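Chains as they are written, first to last, in my numbering: chain A, 97 to 468; chain B, 253 to 405.
Here's what the structure looks like:
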């Protein structure tokens with residue numbers, strides 16, 4: 097955390113740690129590849145970052161399971177230690193930092209004062225507002241008060257995980273703690289949502305690196321997610337897509353179709369309506385992703401994935417909206433269509449499902465109370 | 253536990269009899285275009301192989317089609333990298349691995365000499381300073397040794 101090196105440039109920190117320019121170009125080339133940027137961007141990023149000041153980063157954890165931080169610490173390119181020691185100045189993270197108690201809180205306050213208006217605020221977890229915010233308190237302050245205070249001096253807020261981005265599991269019906277996503281509490285700061293339960297580690301580190309390199313919020317989709325990582329559905333980039341187009345589906349997890357690696361659509365795969373980079377970046381250093389391991393996508397990077405019915409119901413039969421709000425006639429209509437054709441079905445069902453999801457969300461906006 | 257790279261995988265030779273696969277042919281066409289751009293505009297470029305949906309067979313075919321040239325460099329910086337010149341002048345096959353030997357980037361660089369091999373001017377100047385300091389220190393040590401041995405006589 098605060099170690100007296102806050103004013104050093106990235107290049108100065110690299111030299112202190114014995115990392116050569118070549119080593120740094122290599123690091124940036126790998127990061128550019130992970131971010132799907134043109135490969136020529138690696139050396140360009142390296143040249144820009146060498147002279148950049150390391151931004152102060154404050155990482156707040158609220159109502160969450162720490163799975164997102166576990167994911168972040170397994171980033172391969174860039175690695176978390178490279179990011180923390182060289183690219184950013186991680187001034188507060190109550191899970192990773194050595195300090196605890198009042199010393200930790202003092203470090204956070206000092207970092208926020210010293211970098212007011214410039215620090216990056218990372219939030220992990222949803223924010224409970226019920227019972228006056230009493231469901232999540234640290235150092236005598238509620239999560240909602242801590243967030244509001246920390247947001248005042250932030251240059252941007254990065255919401256890591258579906259809980260911070262969309263409310264996540266705590267927001268699930270009946271939302272007993274009155275949990276809300278960060279965007280419903282803070283309305284006057286740039287917000288970048290990196291959703292996923294957890295998010296892909298390289299998406300977290302890649303987004304931070306892109307922000308540090310350019311000093312700008314990247315292009316975002318309608319859910320405030322970086323388009324570079326959330327621009328395509330899992331289905332768009334799935335290696336099993338040809339089977340979907342041919343109408344070849346596994347009907348159970350142990351049938352011949354499953355053994356042949358056919359499409360998992362009928363086993364509940366939410367790939368057609370889920371925007372994320374699992375099919376390209378993959379997990380565990382590019383080893384595989386859930387569909388490659390034989391299980392359908394749960395849709396964990398989409399708002400409300402926990403309340404959309406069974407993970408094992410086909411999309412055509414799934415409830416788009418809160419649990420119990422299904423329209424049986426529409427389910428029947430879609431389920432009937434699902435059996436008939438492959439490719440045509442894909443376009444229609446994904447489109448209809450997305451439209452229905454959008455409508456549900458839009459209608460929900462006016463009914464649900466805002467937190468805070 | 254074994255690393256993924258440690259699990260032996262045998263790539264079957266191409267069963268095709270009608271030449272290269274479509275994806276490989278497309279990449280080779282792109283390389284021709286990039287070489288023409290390098291020759292006429294002096295503009296280097298690169299292809300990120302990890303961003304392309306290539307099977308192990310496609311990758312082996314592409315590697316075979318480009319062949320190996322005269323130069324192979326190994327870079328030891330935050331893990332090993334190999335920079336292999338291909339049989340086609342100006343086309344380099346680069347693999348970057350991290351300190352755990354995981355492949356973190358793989359690209360085809362179309363350039364005269366890959367940028368990662370070159371040094372920049374401030375590094376040369378820093379090298380000159382470091383070498384001068386090293387020689388000055390050595391001279392000081394030698395002078396001290398000479399003085400003390402003279403004192404003992």
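Where is the CB? At the ideal position from N, CA and C, for every residue including glycine. It should be emphasised that the depicted structure is a prediction, and the values quoted were computed from it without experimental measurement.
Item, Value
"Neighbour list for residue 281(B) in chain A, Cβ cutoff strictly below 7 Å", "Here the premise fails: no neighbours, minimum Cβ distance about 18 Å."
"Status (buried if at least 16 other CB within 10 Å, exposed otherwise) for residue 382(B)", "exposed"
"Identity of the residues DSSP links to residue 359(B) by a beta bridge", "300(B), 346(B)"
"Reference residue 312(A), options 377(A), 190(A), 251(A), 187(A), closest by Cα", "251(A)"
"Chain B residues whose Cβ lies nearer than 8 Å to that of residue 121(A)", "367, 368"
"Helix, strand or coil at residue 330(A) according to DSSP, with G and I counted as helix", "coil"
"CB contact below 7 Å: residue 385(B) versus chain A", "no"
"Nearest-angstrom Cβ-Cβ length linking residue 281(A) and residue 216(A), presumed shorter than 8 Å", "Not quite, the Cβ-Cβ distance comes to about 17 Å (not below 8 Å), so this is no contact."
"Interface flag, residue 335(B) vs chain A, CB-CB below 7 Å", "no"
"Beta strand (DSSP E) segment containing residue 337(B), residue limits", "332–337"
"Separation of residue 262(A) from residue 316(A), as counted between CA atoms", "15 Å"
"Cβ neighbour criterion (16 or more within 10 Å) applied to residue 364(B)", "exposed"
"For residue 311(B), the three-state DSSP class (helix, strand or coil)", "helix"
"Below-7 Å beta-carbon distance, residue 373(A) vs any chain B residue", "no"
"Residue 372(B): contacting residues in chain A (beta-carbon distance under 8 Å)", "117"
"Proximity below 7 Å, CB of residue 159(A) to CB of residue 238(A)", "no"
"At least three beta-carbon pairs within less than 8 Å, the stretch 116–133 of chain A to the stretch 291–305 of chain A", "yes"
"Per DSSP, the bridge partner or partners of residue 418(B)", "This structure cannot settle anything about residue 418(B), because the visible part of chain B is limited to 253 through 405."
"Where residue 345(A) sits in the DSSP three-state scheme", "strand"
"Three-state secondary structure assigned by DSSP to residue 365(A)", "coil"
"Candidates 396(A), 274(A), 162(A), of which the one nearest residue 374(A) by Cα", "396(A)"
"Members of the stretch 277–299 of chain A that neighbour chain B once the beta carbon cut-off is set at 9 Å", "none"
"Cutoff 7 Å: residue 330(B) Cβ touching any chain A Cβ", "yes"
"For residue 301(B) and residue 359(B), the rounded distance between their alpha carbons", "5 Å"
"Contacts that residue 440(B) makes with chain A (C-beta to C-beta distance below 9 Å)", "The structure shown does not extend to residue 440(B), since chain B is modelled only from 253 to 405, so the question has no answer here."
"Where residue 140(A) falls: helix, strand or coil (DSSP)", "helix"
"Burial state of residue 415(A), where buried means 16 or more other Cβ atoms lie within 10 Å", "Only weak support exists for where residue 415(A) lies, its pLDDT of 49 falling under 50; the value from the coordinates is given anyway. Buried."
"Limits of the unbroken alpha helix (DSSP H) element including residue 207(A)", "197–210"
"Residue burial classification, residue 95(A) (beta-carbon count within 10 angstroms, cutoff 16)", "The structure shown does not extend to residue 95(A), since chain A spans only 97 to 468, so no value can be given for it."
"Chain A within 7 Å of residue 391(B), Cβ atoms only", "no"
"is_contact[residue 142(A), chain B] using C-beta, thresh 7 Å", "no"
"Selection from 310(A), 392(A), 153(A) that minimises the alpha carbon distance to residue 335(A)", "392(A)"
"Buried versus exposed, by CB contacts within 10 Å (16 or more), residue 257(A)", "buried"
"Same chain, Cβ closer than 8 Å to residue 105(A), five either side skipped, listed in chain order", "146, 147, 148, 149, 150"
"Contact under 7 Å by Cβ, residue 207(A) with residue 220(A)", "no"
"Per DSSP, cross-strand counterpart(s) of residue 254(A)", "218(A), 288(A)"
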